[in-house]
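Taking it in order: structure first as structure tokens, then the write-up.
There are 2 protein chains.
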Amino acid sequence: MLNAKKRKTRKVSKGDVLLSSGDIAIYGYQVLSGCLRSYVIDRNGKEHILQFAPEDWLITDLDSAMNKKPSAIFIDAIEDSEVISVRVAEFMNFHSLDKNTLVEMNLKFRNSIIASNKRVINMLCATAEDRYLEFLETYPDLAQRIPQKLIASYIGITPEYLSDLRRKLANK
Amino acid sequence: MLNAKKRKTRKVSKGDVLLSSGDIAIYGYQVLSGCLRSYVIDRNGKEHILQFAPEDWLITDLDSAMNKKPSAIFIDAIEDSEVISVRVAEFMNFHSLDKNTLVEMNLKFRNSIIASNKRVINMLCATAEDRYLEFLETYPDLAQRIPQKLIASYIGITPEYLSDLRRKLANK
DNA sequence: CCTTTTTCTTAAGGTATCTTATTTTTTGCC
DNA sequence: GGCAAAAAATAAGATACCTTAAGAAAAAGG
Chain A
1 MLNAKKRKTR KVSKGDVLLS SGDIAIYGYQ VLSGCLRSYV IDRNGKEHIL QFAPEDWLIT
61 DLDSAMNKKP SAIFIDAIED SEVISVRVAE FMNFHSLDKN TLVEMNLKFR NSIIASNKRV
121 INMLCATAED RYLEFLETYP DLAQRIPQKL IASYIGITPE YLSDLRRKLA NK
Chain B
1 MLNAKKRKTR KVSKGDVLLS SGDIAIYGYQ VLSGCLRSYV IDRNGKEHIL QFAPEDWLIT
61 DLDSAMNKKP SAIFIDAIED SEVISVRVAE FMNFHSLDKN TLVEMNLKFR NSIIASNKRV
121 INMLCATAED RYLEFLETYP DLAQRIPQKL IASYIGITPE YLSDLRRKLA NK
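Same order as they appear, the protein sequences are chains A and B.
Going by the UniProt record's numbering, the residue at position 157 of the first sequence is 157; the numbering climbs one at a time, nothing skipped.
Going by the UniProt record's numbering, the residue at position 148 of the second sequence is 148; the numbering climbs one at a time, nothing skipped.
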């Protein structure tokens with residue numbers, strides 16, 4: 001997806017913040033190793049994880065980057081990671097791009113829409129237990145690597161309740 | 001967004017079903033007048049509205065259309081409507097498209113992603129009351145036109161609970 | 001290896017939201 | 001304009017999930 005001129009690789013340590021709420025997003029990040037996440041903090045101070053980005057995933061705040069408005073989200077590293085930084089605005093200057101790149105971007109966008117729509121369906125239809133089981137299927141790898149409280153945040157429940165659910169599942 | 005060869009206008013009556021769960025989506029619909037909706041039915045038989053498509057909106061199941069797999073959603077008309085049908089697969093044959101069309105598609109996709117992400121954030125962070133108030137702001141028009149039970153389905157609560165919320169809000 | 005910090009578990013009580021059922025109001029239709 | 005059908009309101013009891021708090025286990029760091 002990336003052409004050479006706009007690439008820059010960068011090592012980040014666990015805990016490093018790559019985008020803060022209030023900033024305007026300039027870069028997107030493609031993850032080579034490790035794992036990033038994006039999250040929002042609600043008015044009660046609670047974090048809600050929007051996306052995990054392990055190897056090969058791309059993460060950014062499109063809305064902020066494209067519309068030059070302060071981001072509502074944070075992006076940070078939950079493991080030591082290596083990423084490629086992409087200047088989103090330049091990259092989105094469609095008229096400077098060749099057709100192949102546009103086709104590729106369309107594919108990426110399309111897949112993002114499909115993924116995001118699935119998440120909406122999942123949140124509307126599934127119970128917390130369903131969402132946990134689905135998380136395990138979707139990211140069998142991540143479940144071993146990251147703390148449970150991050151999983152809880154992603155599926156939209158408290159860590160305490162996830163702990164309850166896990167016990168109930170184990171007793172089946 | 002549409003070029004002449006792939007256009008077909010069509011009148012649909014309130015209640016007409018344009019896509020059923022289990023079918024493979026062939027068409028997308030651009031709404032000229034009236035209003036369509038997409039929804040899923042969960043395992044308990046309850047409907048959850050994913051999207052309203054009043055005038056100028058586009059609605060389809062990208063996942064089904066692109067990956068040729070049975071759709072999980074329904075699309076029907078909640079008002080008498082006039083729509084343009086678009087053959088999604090042909091339209092998505094990127095290599096037959098000119099650059100301008102690709103650029104336009106990228107924009108549309110981008111906006112869809114932004115909208116879908118906002119919905120996820122909204123569902124993770126906001127209470128039912130917040131979501132109702134936000135619906136009123138986002139679709140001041142629709143709130144007058146459609147039954148409350150459809151609004152309840154969209155914001156992810158029961159009609160009874162929406163009724164409660166409205167009373168509480170009125171008593172403030 | 002030991003200490004500190006973080007994460008996980010457990011439990012009790014609370015709240016938001018659901019379910020079911022009944023009644024009232026609104027809408028659609030001949 | 002009146003009847004049937006759909007939608008909305010109301011209410012009581014149930015449940016999923018949250019809050020708080022405390023202790024146990026695991027991880028991190030020097």
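Where a beta carbon is used, it is the ideal one built from N, C-alpha and C, also for glycine.
Under the DSSP assignment, ASP141 of chain B falls in the alpha helix (DSSP H) whose first and last residues are 140 to 145. The contact set of LYS99 of chain A on chain B, defined by CB atoms closer than 7 Å, consists of LYS99 and LEU102 in chain order. Relative to the Cα of ASP130 of chain A, the nearest Cα in the group A:VAL88, A:ALA152, A:ILE78 and A:ASN117 belongs to A:ALA152.
Taking 8 Å as the threshold, the shortest C-beta distance from GLY22 of chain A to chain B does not fall below it. Within the UniProt domain "Cyclic nucleotide-binding" (10 to 94) of chain B, the complete alpha helix (DSSP H) segments of 4 residues or longer fall at 62 to 67 and 88 to 91, listed in chain order.
In the structure shown, THR101 of chain A falls within a helical segment according to DSSP collapsed to helix, strand and coil.
For LYS168 of chain B, the enclosing alpha helix (DSSP H) has its first and last residue at 159 to 170. Of all residues in the segment 113 to 125 of chain A, the ones placed with a Cβ closer than 7 Å to any Cβ belonging to chain B are ILE113, ILE114, SER116, ASN117, ARG119, VAL120, ILE121, MET123, LEU124 and CYS125, in chain order. The residues GLN148, LYS149 and ALA152, in chain order, have a CB closer than 7 Å to that of PRO159 of chain B in the same chain once the five nearest residues on each side in sequence are set aside.
Below the 7 Å Cβ cutoff, chain B contributes no neighbours of ASP76 of chain A, its closest Cβ being approximately 17 Å away. ALA126 of chain A: not part of any alpha helix (DSSP H); DSSP gives it neither H nor E.
In its chain, beyond the 5 residues on either side, GLU47 have a beta carbon closer than 6 Å to the beta carbon of ILE41 of chain B. In the DSSP annotation of this structure, the continuous segment of the alpha helix (DSSP H) that includes LYS149 of chain B starts and ends at 148 to 155. DSSP places LYS8 of chain A in the coil class of the three-state scheme, outside both helix and strand.
With its beta carbon at least 8 Å from every one in chain A, LEU19 of chain B lies outside the interface. By the rule that beta-carbons nearer than 8 Å mark a contact, PHE109 of chain A touches chain B. When rounded, the separation of the alpha-carbon atoms in LEU32 of chain B and GLU82 of chain B is 5 Å. B:LEU18 is the residue among B:ARG43, B:GLY22 and B:LEU18 whose C-alpha sits nearest the C-alpha of ALA53 of chain B. Approximately 17 Å separates the beta-carbon atoms of GLY34 of chain A and VAL86 of chain A; this is outside 8 Å, ruling out the contact. Spatial neighbours of ASP61 of chain B in its own chain (CB-CB distance under 8 Å, excluding positions within 5 residues in sequence) are listed in chain order as LEU19, ALA25, SER38, SER71, ALA72, ILE73 and ILE75.
Contact note: VAL31 of chain B does not reach chain A at a C-beta cutoff of 9 Å; the least C-beta distance is about 18 Å.
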